[in-house]
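Chains as they are written, first to last, in the numbering used here: chain Y, 1 to 365; chain D, 366 to 550.
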């Protein structure tokens with residue numbers, strides 16, 4: 001067990017290693033980003049319910065608060081206050097572990113996303129890793145373990161089928177998803193997301209034809225990665241009664257739910273970062289607006305950084321709307337159609353895209 | 366015998382999915398804006414549009430029930446303000462769920478309507494038992510019970526939902542018919 005002095009010692013070591021300022025600022029950033037992320041998750045759920053309602057000629061939740069804006073609060077209270085039912089036939093340890101395993105990667109992946117340039121001299125990213133995208137992929141692919149484990153631990157046929165589908169879906173899409181991004185890295189010459197954003201200060205990456213193809217493949221793969229329609233096979237309410245989370249209720253179900261929407265936000269953020277210029281303001285106004293800020297001014301308030309944050313936020317909202325809109329437009333793919341698309345179309349196309357980009361770059365030099 | 370179904374051969378652009386996806390998005394976008402439009406038209410200008418929003422926001426908006434709808438039973442008075450019920454207890458007898466309880470009383474001799482002889486001292490309809498069948502209205506020889514178009518009664522206790530004479534008369538009000546059956550008897 002950790003005793004008080006041990007924790008104090010660990011804290012002292014951490015502080016002496018990173019410096020007091022850095023630890024405090026990072027903790028602050030973590031708290032703010034986590035809060036913003038979870039807040040955005042709950043309002044994405046509300047937006048999803050409202051938009052789906054309007055698309056289906058309904059009205060949607062409009063009772064709690066002004067225009068139903070307090071609905072997320074009511075929902076979360078409901079989830080928290082519900083009885084925590086555990087079916088008798090489940091594997092208890094894995095059953096509790098699975099939602100946590102699903103949620104943790106969904107929240108962890110966001111730390112490498114640059115959500116602004118600098119604010120008071122602090123780079124607006126929690127961890128400015130040089131292997132940012134690799135970190136993203138390695139952690140994001142852990143999310144599927146939560147789903148597979150949930151399907152297995154539930155010890156019931158529909159969750160089990162959902163878990164299997166999730167695994168198959170993941171290996172069909174993860175490869176082409178990763179390969180589709182290689183042209184981006186060839187173009188920018190870095191895996192650091194901050195540098196990828198800085199490279200787009202003049203021209204966003206999706207305007208290049210080869211990178212547009214990469215974007216389309218990446219976007220469609222993210223639908224599969226986040227278990228959204230048209231690829232929500234692990235969940236498929238109609239055939240699998242909810243798939244992997246059939247046996248889950250109350251807060252444990254909410255964890256899966258949060259994970260799905262957090263993944264959606266992270267996928268949108270990654271798409272914004274890689275293809276739509278991250279926090280850059282569109283139509284590059286004055287040079288200083290979009291250019292990487294070199295004038296290092298600690299603790300000086302720069303209103304322009306708020307514009308960057310806002311720009312990033314609005315771009316994410318647009319992509320989230322697209323995610324939601326596609327869900328309520330398209331029917332679900334069949335199991336074999338999904339595998340066909342992943343292995344026979346996206347994999348060759350993304351590989352070809354890497355070669356074409358290589359040849360193009362060689363010719364250009 | 367096996368039936369052979371000719372599957373349509375898709376052209377290359379149809380196999381790309383994208384035109385179909387865009388077509389689908391066009392449809393959902395149309396519905397989205399149409400629903401918003403009819404919602405605003407309904408809320409702001411009170412317009413009823415046949416297409417668009419199909420949700421009826423119930424407690425605020427209600428159905429127009431048809432003529433002859435069988436809602437809650439009530440007692441009525443004639444234009445002179447006389448309670449038309451003569452406490453014959455036919456409705457109590459016919460009521461299938463036995464929701465009606467009548468306590469009859471002779472009308473005191475000095476009152477102007479004394480020739481009618483009987484009136485209800487108490488008249489209770491238990492709305493928790495009432496099945497809205499309308500037999501009481503049909504059986505009443507005095508046309509003293511009428512069914513309203515209201516169908517929804519909400520109460521916080523069981524006692525509140527047992528309508529007594531006072532409440533029934535208040536709900537029923539005055540009935541404007543021209544026949545004064547007891548006037549000249």
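In this text, a Cβ means the ideal position worked out from N, Cα and C, and glycines have one as well.
Counted as a single uninterrupted DSSP element, the alpha helix (DSSP H) harbouring residue 237 of chain Y occupies residues 237 to 240. For residue 212 of chain Y, the uninterrupted alpha helix (DSSP H) run begins and ends at 209 to 225, by DSSP. Annotated as proximal: residue 346 of chain Y and residue 221 of chain Y, with beta-carbon spacing under 8 Å. Interface criterion met: the Cβ of residue 330 of chain Y is under 8 Å from a Cβ in chain D. The three-state reading of DSSP puts residue 528 of chain D in strand, counting E and B together.
Selection Y:13, Y:136, Y:358 evaluated against residue 188 of chain Y yields Y:358 as nearest (Cα-Cα). Annotation: residue 521 of chain D to residue 428 of chain D spans about 24 Å, alpha carbon to alpha carbon. In the three-state reduction of the DSSP assignment, residue 123 of chain Y falls in the strand class. Ranked by Cα distance from residue 455 of chain D, the options D:410, D:442, D:445, D:507 are led by D:507. Taking a contact to require three or more Cβ pairs closer than 8 Å, the segment 149 to 157 of chain Y and the segment 88 to 104 of chain Y qualify as touching. Closer than 8 Å to the CB of residue 57 of chain Y there is at least one CB belonging to chain D. Interface annotation, residue 405 of chain D: not in contact with chain Y, CB-CB separation never under 8 Å. Taking a 10 Å sphere around the C-beta of residue 8 of chain Y, we find fewer than 16 other C-beta atoms and assign the residue as exposed. Look at residue 401 of chain D: its C-beta is under 8 Å from a C-beta on chain Y. Its chain contains 223, 228, 229, 230 as the residues whose beta carbon lies nearer than 8 Å to that of residue 326 of chain Y, once the 5 sequence neighbours on both sides are disregarded; these appear in chain order.
Interface residue (Cβ-Cβ distance to chain Y less than 8 Å): residue 418 of chain D is classified as such. When C-beta distances to chain D are compared with 9 Å, the residues of the segment 314 to 326 of chain Y below that value are 325, 326, in chain order. Taking 8 Å as the upper bound for CB-CB distance, residue 403 of chain D and residue 389 of chain D are not in contact here, some 21 Å apart. Taking 8 Å as the upper bound for CB-CB distance, residue 459 of chain D and residue 419 of chain D are not in contact here, some 40 Å apart. In the three-state reduction of the DSSP assignment, residue 539 of chain D falls in the strand class. With a 10 Å radius around the Cβ and a threshold of 16 neighbouring Cβ atoms, residue 73 of chain Y comes out exposed. A distance below 6 Å between beta-carbons, with the five flanking residues on each side excluded, links residue 82 of chain Y to the following residues of its chain, in chain order: 250.
Taking 4 residues as the minimum length, the alpha helix (DSSP H) runs contained wholly in the segment 117 to 204 of chain Y are 132 to 140, 143 to 153, 157 to 188, 193 to 198, in order along the chain. At a cut-off of 8 Å between beta-carbon atoms, residue 386 of chain D makes contact with chain Y. Counting only the Cα atoms, residue 421 of chain D lies some 37 Å from residue 457 of chain D. None of the residues of the segment 423 to 450 of chain D has a beta carbon lying less than 9 Å from any beta carbon of chain Y. Beyond the five residues adjoining it in sequence on each side, residue 105 of chain Y comes within less than 7 Å, by CB distance, of 139, 140, 142, 143 in the same chain, given in chain order.
DSSP places residue 419 of chain D outside both helix and strand once states are collapsed to three, so it counts as coil. Taken residue by residue, none of the segment 63 to 78 of chain Y has a beta-carbon sitting less than 8 Å from a beta-carbon on chain D. Fewer than three Cβ pairs drawn from the segment 368 to 386 of chain D and the segment 253 to 267 of chain Y lie within less than 8 Å of each other, which leaves the two stretches out of contact. DSSP links residue 512 of chain D through a beta bridge to D:438.
Contact between residue 159 of chain Y and residue 237 of chain Y is absent: CB atoms are separated by about 13 Å, not below the 8 Å threshold. A residue is called buried when at least 16 other Cβ atoms come within 10 angstroms of its Cβ; residue 377 of chain D does not meet this threshold and is exposed. Residue 484 of chain D: member of the beta strand (DSSP E) spanning 483 to 491, first to last residue. It is roughly 5 Å from the alpha-carbon of residue 464 of chain D to the alpha-carbon of residue 494 of chain D.
For residue 93 of chain Y, the uninterrupted alpha helix (DSSP H) run begins and ends at 92 to 108, by DSSP.
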